[in-house]
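*Asks:* Numbering (our numbering), first residue to last: 6 to 132.
Yeah, the Cβ is synthetic: ideal placement off N, Cα and C, and Gly gets one too.
Being a predicted model, the structure only gives us computed values, none of them experimental.
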Amino acid sequence: MENSLLAAAGAAEKWNGEVEEGLRTAEMKTVDLEAYAPPRELLQILPPKSLIRGSEIGSQIGPNNPKFAMGMQALLDLIFAVEGSVSDAAKYLGLSTGAVSRLILSDDSLRKEVNDLRASKGMKPLK
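(1) Going by DSSP in three states, Arg107 sits in which element: helix, strand or coil?
(2) Should Lys132 and Leu110 be called a contact, given that it needs their Cβ atoms to be closer than 9 Å?
(3) The alpha helix (DSSP H) with Asn137 in it runs from where to where?
(4) Tell me, to the nearest whole angstrom, how far the beta carbon of Met77 is from that of Leu115; I am working on the premise that it is less than 8 Å.
(5) Quick test of your reading: Ser106 and Val87, contact by CB under 8 Å. State the CB separation rounded to the nearest angstrom.
(6) Report, in whole angstroms, the separation of the C-beta atoms of Pro43 and Ile57, which I expect to be a contact under 8 Å.
(7) Going by C-alpha distance, which of Ile50, Phe85, Met128 is nearest Pro71?
(8) Tell me whether Arg45 sits in a helix, a strand or coil according to DSSP, three-state version.
(9) Near Gly63, which residues of its chain fall below 8 Å by C-beta distance, leaving aside the five closest residues on each side in sequence?
(10) Here's the rule: buried if 16 or more other CB atoms are within 10 angstroms of the residue's CB, otherwise exposed. What is Asp112?
(11) Would you mind giving the Cβ-Cβ distance between Leu83 and Ala94, rounded to the nearest angstrom? I have them listed as a contact below 8 Å.
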């Protein structure tokens, strides 16, 4: 049992490193806000209460799912497109500002990237 817990902890550590590396090195995708439709990988990480998340998306995926990093990258692309405005991103995602904030703050690497962007725009960091 102890070995399986250690293996799980090691896998989680490795996964966190991969997510952080992916968000740092991934090429940003340009987002057309006028015709914006969130990609499936972003819809999959949104809470079920999102107004744009249909039942066909399935259940919400979390950080233990390998697709989670792709959803976080898509969220980061949107945040860059709206120049760091969480409230604007929330409107595109059918969520409250608080819900988007919590989603950003749930991942350390995403939080850092968003806060770096916000600082460059003279905005306060998310806490």
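*Replies:* Once the coordinates are examined:
(1) helix
(2) Closer than 9 Å, so yes.
(3) Residue 137 cannot be examined here, being either before or after the span of the chain that is shown, 6 to 132.
(4) Contact holds; Cβ gap of about 5 Å.
(5) With 8 Å as the limit, Ser106 and Val87 do not qualify as a contact, their Cβ atoms being about 13 Å apart.
(6) That belief holds up - the Cβ atoms of Pro43 and Ile57 are roughly 7 Å apart, short of 8 Å.
(7) Ranking the options by Cα distance to Pro71, first place goes to Ile50.
(8) helix
(9) The residues are Gln49.
(10) buried
(11) About 5 Å separates the beta carbon of Leu83 from that of Ala94, a gap short enough to meet the 8 Å contact definition.
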